[in-house]
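Heads up: the sequence lines are chains V and C, in that order. This note's numbering applies: residue 1 is where the first sequence begins, and numbers increase by one. This note's numbering applies: residue 159 is where the second sequence begins, and numbers increase by one. Encoded as structure tokens, the structure appears first; notes follow it.
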Amino acid sequence: MEPIKEVALERTYEAPLESVWQAWTDPAKLKQWWGPDNVTIPTCEVDLKVGGKFYIVMEAGEAMGPYKGTLWPMQAEFTVVEPNAKLAYKANAWTEGAREDFSIDQTTEVVFAEEGGKTKVTVKASIYKLGPKAGMAAEGMQAGFTQQLEKLSAFLAK
Amino acid sequence: MVEYKGKLDTIFGSLSDPTRRDIVKRLAHQELTVSEVAKPYARRMSLAAVSKHLQVLERSGVITKRRVGKQQIVALSPPALKDASKYLEQYKKLWEERLDRLEKFLKNK
């Protein structure tokens, strides 16, 4: 099946390959950075093997305003687990309480490569299916983002 | 008619076909009549097949059709495309924030 959309990103981190791999696969570490901004991770479970489950829940924080407390779980299954080299999973992510309307089917592929002591991470995220109201969720994210910018400008004005 | 307009899944779904994406690309420059839309595909596709593609795009809200005299004019409908691109921007932004946070996490260890 062809994805309806793909997003590709690449970053190089000043950290050893093993640490970056650990950050992506150790639930205690994932909880600390998975975010995105203004979001906490109350739950993260990783069964690191092909066919193993990857379950992570994002919770909207204070800065998300009216969305505060909203839970966005993602239930995934690993399709590739090659330590220090490649990780891939297929996932369904949704808004708690409205799974039908707000769900996203997606796959994510993460490639790790050592480059002169640094670590290059390439992420390919593909969307396969969107719930009929997923667009409103995007509006919600926009709202959170606007508030975040307002917070920032308030802080800078001090 | 069933109300499909403006829903992201149907918008993206309607754009998942290469012919339909090509039609949208061509319409980005100018409005076209149905027969003008069909012309470049004449060798490999019937007018009926092109009409079907246009119907899918119209249902998702990506294009509009209006009748002028005997001709049907096809035009892009910006709101649907804006919704779709906004969604993707947000999706990409989520991943960018995530990877930025990973950088901070790796630094603070």
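Where is the CB? At the ideal position from N, CA and C, for every residue including glycine. Computed from a predicted model, the values in this text were never measured in an experiment.
Just the Cα atoms here: how many angstroms apart are residue i and residue j?
{"i": "T108/V", "j": "W253/C", "result": "11 angstroms"}
{"i": "E247/C", "j": "G52/V", "result": "30 angstroms"}
{"i": "K206/C", "j": "A238/C", "result": "As written in the sequence, residue 206/C is Ala, which differs from the Lys given in the question. Spanning the two alpha carbons is a distance of roughly 25 angstroms."}
{"i": "L234/C", "j": "T222/C", "result": "6 angstroms"}
{"i": "F170/C", "j": "V57/V", "result": "26 angstroms"}
{"i": "S153/V", "j": "K240/C", "result": "In this prediction, S153/V has a pLDDT of 44, which is less than 50 and means its spatial position is unreliable; what the coordinates show is noted afterwards. So the alpha carbons of these two residues sit roughly 27 angstroms apart."}
{"i": "Q106/V", "j": "K29/V", "result": "23 angstroms"}
{"i": "Q213/C", "j": "V232/C", "result": "11 angstroms"}
{"i": "A23/V", "j": "L264/C", "result": "8 angstroms"}
{"i": "A196/C", "j": "P236/C", "result": "22 angstroms"}
{"i": "E170/V", "j": "K90/V", "result": "Nothing can be reported for residue 170/V, as the shown portion of chain V is limited to 1 through 158."}
{"i": "P83/V", "j": "V110/V", "result": "11 angstroms"}
{"i": "H187/C", "j": "E45/V", "result": "49 angstroms"}
{"i": "W26/V", "j": "V192/C", "result": "Reading the sequence as shown, one finds Asp at residue 26/V and not Trp. The alpha-carbon atoms of D26/V and V192/C are separated by roughly 56 angstroms."}
{"i": "I41/V", "j": "E62/V", "result": "14 angstroms"}
{"i": "Q230/C", "j": "D258/C", "result": "49 angstroms"}
{"i": "W72/V", "j": "G227/C", "result": "51 angstroms"}
{"i": "F54/V", "j": "S218/C", "result": "34 angstroms"}
{"i": "Q148/V", "j": "R224/C", "result": "For Q148/V, the predicted model reports a pLDDT of 45, less than 50, meaning its position is unreliable and no value from the coordinates is stated."}
{"i": "K68/V", "j": "G97/V", "result": "14 angstroms"}
{"i": "Y249/C", "j": "G117/V", "result": "30 angstroms"}
{"i": "K244/C", "j": "K165/C", "result": "13 angstroms"}
{"i": "H211/C", "j": "M64/V", "result": "40 angstroms"}
{"i": "K183/C", "j": "N92/V", "result": "31 angstroms"}
{"i": "E114/V", "j": "M74/V", "result": "29 angstroms"}
{"i": "R202/C", "j": "E189/C", "result": "23 angstroms"}
{"i": "L185/C", "j": "K251/C", "result": "28 angstroms"}
{"i": "S209/C", "j": "R99/V", "result": "35 angstroms"}
Interface residues of chain C around residue i at Cβ under 8 angstroms?
{"i": "W34/V", "result": "R256 and R259"}
{"i": "Y55/V", "result": "Here the premise fails: no neighbours, minimum Cβ distance about 17 angstroms."}
{"i": "Y67/V", "result": "Result: empty, since nearest Cβ-Cβ is about 13 angstroms, beyond 8 angstroms."}
{"i": "P27/V", "result": "Residues of chain C passing the Cβ test: none, with the nearest at roughly 14 angstroms."}
{"i": "A93/V", "result": "Within chain C, no residue comes near A93/V; the closest Cβ sits about 10 angstroms away, beyond 8 angstroms."}
{"i": "G131/V", "result": "D167"}
{"i": "Y89/V", "result": "Result: empty, since nearest Cβ-Cβ is about 14 angstroms, beyond 8 angstroms."}
{"i": "D37/V", "result": "E255 and R259"}
{"i": "V123/V", "result": "W253 and L257"}
Going by CA-CA distance only, name the one from the options that's closest to residue i.
{"i": "E261/C", "options": "T43/V, E6/V and P36/V", "result": "P36/V"}
{"i": "D167/C", "options": "P236/C, V195/C, L215/C and R259/C", "result": "L215/C"}
{"i": "Y199/C", "options": "F263/C, V226/C, I181/C and Q188/C", "result": "I181/C"}
{"i": "E114/C", "options": "W33/V, P3/V, Y13/V and K124/V", "result": "The shown model of chain C, from 159 to 267, leaves out residue 114/C, and the question about it has no answer."}
{"i": "A76/V", "options": "P66/V, Y67/V and L87/V", "result": "L87/V"}
{"i": "A85/V", "options": "V123/V, K31/V and A63/V", "result": "V123/V"}
To the nearest whole angstrom, what separates the beta carbons of residue i and residue j, a pair I think is in contact under 8 angstroms?
{"i": "V50/V", "j": "T119/V", "result": "Incorrect: roughly 23 angstroms between the Cβ atoms, too far for contact."}
{"i": "V39/V", "j": "A60/V", "result": "6 angstroms"}
{"i": "V220/C", "j": "S172/C", "result": "6 angstroms"}
{"i": "F78/V", "j": "L17/V", "result": "F78/V to L17/V, Cβ: 19 angstroms. No contact."}
{"i": "V81/V", "j": "L48/V", "result": "6 angstroms"}
{"i": "I127/V", "j": "I4/V", "result": "6 angstroms"}
{"i": "T43/V", "j": "T70/V", "result": "That pair is no contact at about 14 angstroms."}
{"i": "D101/V", "j": "P66/V", "result": "About 17 angstroms separates the two Cβ atoms, so there is no contact after all."}
Starting from the beta carbon of residue i, find every residue of chain C whose beta carbon is closer than 9 angstroms, and list them in chain order.
{"i": "I41/V", "result": "None at all; the shortest Cβ gap to chain C is about 11 angstroms."}
Which residues in chain V sit within 8 angstroms of residue i, going by Cβ to Cβ distance?
{"i": "S243/C", "result": "Neighbours of S243/C on chain V: none; closest Cβ ~10 angstroms, over 8 angstroms."}
{"i": "K282/C", "result": "With chain C represented from 159 up to 267, any question about residue 282/C goes unanswered, as that position is not in the structure."}
Determine the chain V residues that contact residue i at a beta-carbon separation under 9 angstroms, and present them in chain order.
{"i": "E219/C", "result": "The question names Glu, but residue 219/C in the sequence shown is Gly. Per Cβ cutoff of 9 angstroms: no residues; G219/C is ~11 angstroms from chain V at best."}
So which residues on chain C does residue i lean against when the C-beta distance must stay under 7 angstroms?
{"i": "K5/V", "result": "F170 and L246"}
Along chain V, which residues have their Cβ under 7 angstroms away from the Cβ of residue i?
{"i": "S174/C", "result": "E2 and I4"}
Does any CB atom of chain B fall closer than 9 angstroms to the CB of residue i?
{"i": "A23/V", "result": "This model lacks chain B altogether; the protein chains it does include are V and C."}
Segment contact, 8 angstroms Cβ cut-off, at least three pairs: the region 4 to 13 of chain V with the region 179 to 198 of chain C: Counting Cβ pairs under 8 angstroms, fewer than three are found: no touch.
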